[in-house]
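All remarks here apply to the structure that follows.
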Amino acid sequence: MKNFLILGCLAYFSCSPVFANKEALKPANGDQPTYCEQIVSIHGLLSRAQLQCGYSEYNQELIDDSRKCFEHELGDKRGTEVLKFGMREFDRNESKQGRKAICADLLKSFPEYVRK
């Protein structure tokens, strides 16, 4: 499931019309965000979506992986920055596309992580 998440993150953030003009996540090290930066960013995006869209189910594995990334790689400061980045992605795209459209798009793109 983790490989699927990475591919889904990359495809969603780079190819989705909803997220085509997003502010880029600036990696702490290197040219590309690490696995943990991607996990925590997606967790931020989907946790904001869960609240705003009224999703009734949220994948516990994503929560657990995000927590591990905070503990073992990112630390509190960087982890919080990345989590907030994901939340801002939801907010930015909600203001551009509308809540109904972004909620429907996320359900289609991440059916293994959120459900209505």
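Numbering (mature numbering (1 follows the signal peptide of the UniProt record, and there is no 0)), first residue to last: -20 to -1, 1 to 96.
We put the beta carbon where it would ideally sit given N, CA and C, even for glycine.
{"query": "Is the distance from the Cβ of residue 31 to the Cβ of residue 46 below 9 Å?", "result": "no"}
{"query": "Is the beta carbon of residue 95 sitting closer than 9 Å to the one on residue 35?", "result": "yes"}
{"query": "Please classify residue 7 as buried or exposed, where buried requires at least 16 neighbouring CB atoms within 10 angstroms.", "result": "exposed"}
{"query": "If I measure Cβ to Cβ from residue 53 and keep anything under 6 Å in the same chain, skipping five residues before and after, which residues do I get?", "result": "16"}
{"query": "With H, G and I counted as helix, E and B as strand and the rest as coil, what does DSSP make of residue 37?", "result": "strand"}
{"query": "Check this for me: beta carbons of residue 24 and residue 66, under 9 Å apart or not?", "result": "yes"}
{"query": "I need the straight-line Cα distance from residue 89 to residue 69, nearest angstrom please.", "result": "15 Å"}
{"query": "Residues in the same chain with beta-carbon distance under 6 Å from residue 74, minus the five sequence neighbours each way, listed in chain order, please.", "result": "82"}
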